[in-house]
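The structure under discussion appears below in the form of structure tokens.
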Amino acid sequence: GGPGVKNCIADVLPILAKMLENMKAEPLHLCHRLDKETTGVMVLARSKEVADRIRLLFKTRQVEKVYWAISLGDPDPAEGIVEIPIVEKEVRSHQSHYKMTLAPNYRMSPEDGKVVKIRKNRNAESAVTRYRLLASSSACSLLELQPITGVKHQIRVHLAYGLGCPILGDHKYSHWSKLAPQ
């Protein structure tokens, strides 16, 4: 996480820098961030100039991010691309909150089953996620995931609502109207 998060990586950077340089360190510079409940590799730089160049690589999507996640259920097909726009919406329930959801451009007409173009939601962002089933056992799957775009909670939303395979333990996207365990 970044600033404002308990046990923020930025808080330990000075300590890490001193350890690396035997107590005569320049501060390390964070080059990107991870979402609050995401684990992974952090890229740090020893100078602001290098950090700025690396940040530009992330911003221009020249860094390829790949994630592994355990999902509830198997995606069908086992490999593919989910390309469905995403929008943030308020969930009105006993515990009102906001969450990201799908904003598809097409739907099936309930009357005749034909595909109908939907008026585009102007707040929706284009979202593309590549996925591949690596292994499955019982009711769970190990997936390799690559966000092609960078929309908030994109992988979680595409897995839960696009493929019907929410990430195991994801309380926010396992159910639409409540924040609850699976």
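Counting in my numbering, the sequence shown runs from 3 upward without gaps.
Just so it is clear, CB atoms sit at the ideal spot from N, CA and C, and this is done for glycine as well.
Beta-carbon proximity of residue i to residue j, cut-off 8 Å
i, j, result
"Tyr133", "Leu144", "no"
"Leu74", "Ile86", "no"
"His160", "Val84", "yes"
"Ile56", "Cys33", "yes"
"Gln97", "Ala129", "no"
"Ile169", "Ala80", "no"
Separation of residue j from residue i, as counted between CA atoms
i, j, result
"Thr41", "Cys142", "20 Å"
"Lys116", "Tyr108", "10 Å"
"Cys167", "Ser49", "41 Å"
"Ala162", "Asp78", "13 Å"
"Leu15", "Lys119", "50 Å"
"Ala47", "Asp37", "20 Å"
"His177", "Ser111", "24 Å"
"Val209", "Glu113", "Any property of residue 209 remains undetermined from this structure, which presents the chain solely from 3 to 184."
"Glu92", "Met21", "46 Å"
"Ile150", "Gly82", "12 Å"
"Lys67", "Leu58", "15 Å"
"Ala12", "Arg63", "23 Å"
"Glu51", "Arg94", "46 Å"
"Asp76", "Gly171", "15 Å"
"His173", "Thr131", "21 Å"
"Asn123", "Glu39", "28 Å"
"Arg121", "Tyr175", "25 Å"
Nonlocal neighbours in the same chain, by C-beta distance under 6 Å from residue i, ignoring five residues either side
i, result
"Tyr69", "Leu147"
"Glu90", "Tyr100 and Met102"
"Phe197", "Outside the modelled stretch of the chain, which goes from 3 to 184, sits residue 197, for which no answer is possible."
"Val153", "Ile88, Glu127 and Ala129"
"Ala53", "His31, Cys33 and Ala47"
"Pro106", "Ile86"
"Asn125", "Val89"
Cβ neighbours of residue i in the same chain (closer than 7 Å, five flanking residues each side left out)
i, result
"Gly164", "Val84, Ile86 and Leu104"
"Ser139", "none"
"Leu136", "Leu144, Leu145 and Glu146"
Bridge partners - residue i, DSSP secondary structure assignment
i, result
"Pro149", "Thr131"
"Leu136", "Answer is none; Leu136 lacks a bridge partner."
"Met102", "Glu90"
"Tyr69", "Leu147"
"Tyr163", "Answer is none; Tyr163 lacks a bridge partner."
Cβ-heavy atom distance, residue i to the ligand FAD, below 7 Å
i, result
"Arg94", "Summarising the ligand content, the structure contains no ligands, and the ligand FAD is consequently not present."
Beta carbon proximity, residue i to chain D, threshold 8 Å
i, result
"Val117", "Looking at the structure shown, chain D is missing, and only one protein chain is on hand."
- Which parts of the stretch 41-67 are runs of the alpha helix (DSSP H), unbroken and 4 residues or longer, counting only runs that do not cross its ends? Correct list: 50-61.
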